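Each residue of the sequence shown is one higher than the one before, counting from 11 in the numbering used here.
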Amino acid sequence: LATETLEGLSGSGFVADLDVDADSADAVAAELVSTGVDAVVAYNDDVAALVAGALLHAGVRIPEEVAIVGHDNSPLAALFHPALSSVQVDTGELGRYLASVALGLVEGSAPVPPPPTTEATLIRRASS
């Protein structure tokens, strides 16, 4: 699923590989600025905060010049300045599903059921 998502996104924008450290974030921020990117969707709030910090350090105004959205709605999202918008998903439901799949595989029971459909909610804050 992640590969399919990445393939879908790669034709519609800029996809950056990022090591989770300040030097890598600064390099990605410079590339984002040079390519004129005006929005970032990060795979979690930690990475969103790292990229946002690097953009702010480079003098980029958030959200006026670049909007940023993270994923997982961690406590960090609300504490960062500007507060990060984030996508929230019911991880409890996904965890229960994965636990039942793992148990079924260990017990050798029925085929793996399709994953649940979970609702994603955008928690809009100051970064977008």
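Quick reminder that beta carbons are idealized off the backbone N, C-alpha and C, glycines included. This structure is a prediction, so every number in the text was calculated from the model and none was measured.
The region 83-102 and the region 34-42 do not touch, with fewer than three beta-carbon pairs separated by less than 8 angstroms.
Going by beta carbons, Pro73 and Ala136 fall inside the 8 angstroms limit. DSSP lists no bridge partner for Ile72. Taking C-beta atoms as the reference points, Asn83 and Ile133 count as a pair closer than 8 angstroms. DSSP places Ala40 in no beta strand (DSSP E) but in the uninterrupted alpha helix (DSSP H) bounded by Ala32 to Thr45. Taking Ala120 as the centre and dropping the five residues before and after it, the same chain places the C-beta of Gly114 closer than 8 angstroms to its C-beta, in chain order. Judged by their CB atoms, Val111 and Val76 are not nearer to each other than the 8 angstroms cut-off.
A direct Cα-to-Cα measurement between Ala87 and Val57 gives close to 10 angstroms. Residue pairing by DSSP places Val61 opposite no residue, since no beta bridge is assigned to it.
Taking the C-beta atoms as reference points, Val99 is found nearer than 8 angstroms to Thr128.
The beta-carbon distance between Ala35 and Val61, rounded to whole angstroms, is 6 angstroms. This is short enough to meet the 8 angstroms contact definition. Taking C-beta atoms as the reference points, Ala59 and His81 fail to come closer than 8 angstroms.
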